[in-house]
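Below is one structure, written out as structure tokens; comments come after it.
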Amino acid sequence: MNYQEIVDHIKPELDKVIHFLEREVQKIRTSRASPSLVEDIEVECFGQKFPLKQLASISVAGPRQLTIHPWDKSYIESIEKAVSHSHLGINPVVDKDTIRISFPQLSEEYRKDLSRVLSATQEEAKKTIRKWREEAWTKIQQEFREKKIREDDKFRGKDKLQELVDEYMKKVEEAGERKRKEIIEG
């Protein structure tokens, strides 16, 4: 295996890290309502737990309001209970076969908390990227020790690996900055 194959091998894993980060960042509430805030809330129904998105359609009714339309009326009570007990700290209002959720304006203190959560999420993504870099570098060094690649290729591999890692670290920063801007402007 040459150094380029080793570097290329971790690229899909780094893509997964970015995809996961973007999904997690979407779940951080800003003043704009988004279905991604509630779609993964676990709802207990018929003795099992389901993500909300499997039991209802979720739509944006206004800048700070979501509506949930359960596929079946019997889900309403379970959905209302799950949303009420979620980490979002919101109270859903049942209106016939629809559940309405209104998000309050963000306080300055809450914005700071969201910013801390965002930073922690970014740091986890960076840690995972560093783990993949270390794994690939170890593999390149192993290939060199086994004389499967030359010394100059080992250092080219290190440079290529660092370029790739830098590119993905930049993506982590950009995703964080976009969300931080949403939180502040909220």
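Read left to right, the sequence shown gives residues 266 to 451 (the numbering used here).
Beta carbons are placed, not taken as given, at the ideal position from N, Cα and C, and that holds for glycine.
Bear in mind that the values here come from a model prediction, so they are computed numbers and not experimental data.
Between VAL437 and GLN387, the C-beta gap is smaller than 7 Å, which places the two residues in contact.
For the 7 Å CB-CB criterion, ALA440 and GLU287 form a contact. A contact is defined here as three or more CB-CB pairs under 8 Å, and the segment 418-433 fails this definition with respect to the segment 309-320. Annotation for LEU331: the continuous beta strand (DSSP E) segment containing it runs 330-335. In this structure the segment 331-351 lies against the segment 359-379, because at least three pairs of beta carbons, one per stretch, are closer than 8 Å. Per DSSP, LYS413 is not a residue of any alpha helix (DSSP H), being assigned neither H nor E.
It is roughly 28 Å from the alpha-carbon of LEU379 to the alpha-carbon of VAL359. Here the alpha carbon of LEU383 sits roughly 32 Å from the alpha carbon of LYS404. Ranked by how close their Cα comes to the Cα of MET434, the residues LYS412, ARG398, ARG410 have ARG398 in first place.
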